[in-house]
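The next block holds one structure in the form of structure tokens; read it before the comments.
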Amino acid sequence: MECKRKNEKSKSNSTFPDEVLELVLGMLKSRKDKSTVSLVCKEWYNAERWSRRSVFIGNCYSVSPEILTRRFPNIRSVTLKGKPRFADFNLVPANWGADIHSWLVVFAVKYPWLEELRLKRMTVTDESLEFLALKFPNFKALSLLSCDGFSTDGLAKIAANCKNLTELDIQENGIEDKSGNWLSCFPESFTSLEVLNFANLHYEVNFDALEKLVSRCKSLKTLKVNKSVTLKQLQRLLVHAPQLGELGTGSFSQELTPQQCSELGSAFKNCRNLHTLSGLWVATAQYLPVLYSACTNLTFLNFSYAPLDSDDLAKLLVHCPKLQRLWVVDSVEDKGLEAVGSHCPLLEELRVFPADPFDEGIVHGVTESGFIAVSQGCPRLHYVLYFCRQMTNAAVATVVQNCPDFTHFRLCIMHPGQPDYLTQDPMDEAFGAVVKTCTKLQRLAVSGYLTDLTFEYIGKYAKNLETLSVAFAGKSDWGMRCVLDGCPKLRKLEVRDCPFGNVALLSGSRKYESMRSLWMSDCKVTMNGVRLLAKEMPRLNVEVIKEERYETHQARKVYVYRSVAGPRRDAPPFVLTL
14 MECKRKNEKS KSNSTFPDEV LELVLGMLKS RKDKSTVSLV CKEWYNAERW
64 SRRSVFIGNC YSVSPEILTR RFPNIRSVTL KGKPRFADFN LVPANWGADI
114 HSWLVVFAVK YPWLEELRLK RMTVTDESLE FLALKFPNFK ALSLLSCDGF
164 STDGLAKIAA NCKNLTELDI QENGIEDKSG NWLSCFPESF TSLEVLNFAN
214 LHYEVNFDAL EKLVSRCKSL KTLKVNKSVT LKQLQRLLVH APQLGELGTG
264 SFSQELTPQQ CSELGSAFKN CRNLHTLSGL WVATAQYLPV LYSACTNLTF
314 LNFSYAPLDS DDLAKLLVHC PKLQRLWVVD SVEDKGLEAV GSHCPLLEEL
364 RVFPADPFDE GIVHGVTESG FIAVSQGCPR LHYVLYFCRQ MTNAAVATVV
414 QNCPDFTHFR LCIMHPGQPD YLTQDPMDEA FGAVVKTCTK LQRLAVSGYL
464 TDLTFEYIGK YAKNLETLSV AFAGKSDWGM RCVLDGCPKL RKLEVRDCPF
514 GNVALLSGSR KYESMRSLWM SDCKVTMNGV RLLAKEMPRL NVEVIKEERY
564 ETHQARKVYV YRSVAGPRRD APPFVLTL
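According to the working numbering, the stretch in the sequence shown is residues 14 to 591, in order.
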């Protein structure tokens, strides 16, 4: 490899020495910037090739590991995404694919000094985790988000064999929790851990092993435990790790004596570097005051697993003057969001999740009133995910007028096809106001009763839009055509339960080559339309997920994506590749 590199350098006519150029390009942080400079000339292409240490792949089937390793020989960190996002909603069958093992086999030969692996929606087996632990002697960081296929046995292999591990981040995975003893597999001499997150494991862990691990790892900055860890145990962990910057607590509802409550409060008070707090499983209001002394420097509160009421949230927010990100459950109601507007002037991101999205009889929750209150008090707000049961056009227009710098706007009205509940008009003008006002908008999710007018607005005004999610909306193919024709930066389009058919699908045939992916499920696309797309655009991978209960001429789930690797080789029988 070194000989080949020297041959490439000998042909360079750059005014900069190759080593200097590689050093400069290696300082670039943005993936887009790195890709851009590689297109300037052949010398910069080669320099960027050799200087690249990290790579992000948004679709594991868009490239093969062989092509990747030829393009970038010196990678140390790989981020890889697998299944389409709608896998989160059980729309992608089990055993669909996205297995990491074939990548690891290639990496073991080409990237033996791999240090970081960050996976999302990938299938990861215990065998793969063992392979990873044994084949990469300098491995340091493993992050698994929404992955499946592995168990705590695989985590035990990582703990036992990755001597230089600094990060083990396990989030929202379909993991088989066989035993809590995997934490005891870390060697007694192991001290390098900086990030440990097992918040979503279901069963008890070996607390003695956890406590010893935390006490040894003096550089630990992030600790997120699961709900089996009690308040008494949490207090002991905090005594060992007052240097924590991010903390995910266990359950927050056990009985404590006044002395124990005081000790817990003191432990939190000593965590002077704390900037992120999450967990609080089944939080009990009587113990929330122990958090107050640790809230001064908090920038991120994640209460997505803590159904607080409005009063408890308001009391807590008084102590959080620096808060920038807030995730809550809609149990806080509009009154809780009014407290957000009153006490969080620096807020930039708000996510409001439903306590129970499937309970039609719920009368509480958040409405347009809470949304407006936040926008009035938080002028820096630029990211919102808002689940609600009612909304109006006027309210959304007010929100974006108050906060015109939205880059991410995801409004989810939970009753499909619901109009403006006051006027009974479609919600077209709401999203029209969003795209007209928010010129920096990159991601948009629409909901409610929408006609094609919404998509005309999007195509006309959303010139920086990269990701659009649509469900139960539109009237005809014209709506989807407006988006495909009018949004020059569109990279991902996700559509479900919409009246878009073959005409809409084929109208974007040329567009798809510049996009990462298109997902369409339960629309009006037929197999003939999908076959025609595949014939017209042979460089696209066009896949149909077959389902026996539907007629054979229907294409109920269609996944289209660009790939330099050709059709994938591991498609299961229910995935038809055209």
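By construction, the Cβ of each residue, glycine as well, lies at the ideal position given by its N, Cα and C atoms.
This structure is a prediction, so every number in the text was calculated from the model and none was measured.
The residue from 227, 400, 191 and 323 with its alpha-carbon nearest to that of residue 216 is 191. The Cβ atoms of residue 212 and residue 237 sit closer than 8 Å to each other. Annotated as distal: residue 578 and residue 91, with beta-carbon spacing of 8 Å or more.
Secondary structure of residue 261 (DSSP, three-state): strand. C-alpha of residue 344 to C-alpha of residue 264: approximately 18 Å in a straight line.
Under DSSP, residue 558 takes part in a beta bridge, and its partners are 570 and 588.
When secondary structure is reduced to three states using DSSP, residue 184 falls in the strand class. Per DSSP, the unbroken alpha helix (DSSP H) holding residue 468 starts and ends at 465-474.
In this structure residue 530 is buried. Its beta-carbon is surrounded by 16 or more other beta-carbon atoms within 10 angstroms.
For residue 399, the enclosing beta strand (DSSP E) has its first and last residue at 396-401. In this structure, the alpha-carbon of residue 502 lies about 8 Å from that of residue 528. Looking at the DSSP output, residue 131 sits in a beta bridge with 92 and 156. Closest option to residue 301, judged by alpha-carbon separation, among 244, 259 and 354: 244.
Shown here for residue 472: same chain residues with a beta carbon closer than 7 Å to its own, the five before and five after excluded, namely 495, 496, 498, 499 and 500 in chain order.
Going by DSSP, residue 576 is part of no alpha helix (DSSP H) at all; its letter is neither H nor E.
The alpha-carbon separation between residue 591 and residue 532 amounts to approximately 15 Å. A Cβ-Cβ contact shorter than 8 Å links residue 287 with residue 307.
When only Cα atoms are considered, residue 297 and residue 266 end up about 5 Å apart. For the 8 Å CB-CB criterion, residue 117 and residue 145 form a contact. In this structure, residue 251 lies near residue 280, with their beta-carbon atoms less than 8 Å apart. Along the length of the stretch 327-406, whole beta strand (DSSP E) runs at least 3 residues long occupy 338-342, 362-366 and 396-401, reported in chain order. Selection 319, 350 and 317 evaluated against residue 330 yields 350 as nearest (Cα-Cα). Scanning its chain for C-beta atoms nearer than 6 Å, with the 5 sequence neighbours on each side dropped, one finds around residue 121 the residues 148, in chain order. Cα atoms of residue 188 and residue 218: separation of roughly 14 Å, rounded to the nearest angstrom. DSSP, read as helix, strand or coil, puts residue 161 in strand.
For the pair residue 483 and residue 515, the CB atoms are not nearer than the 8 Å cut-off. Here residue 488 carries a coil assignment [DSSP, helix/strand/coil]. Looking from the CA of residue 419, the closest CA among 198, 361 and 114 belongs to 361.
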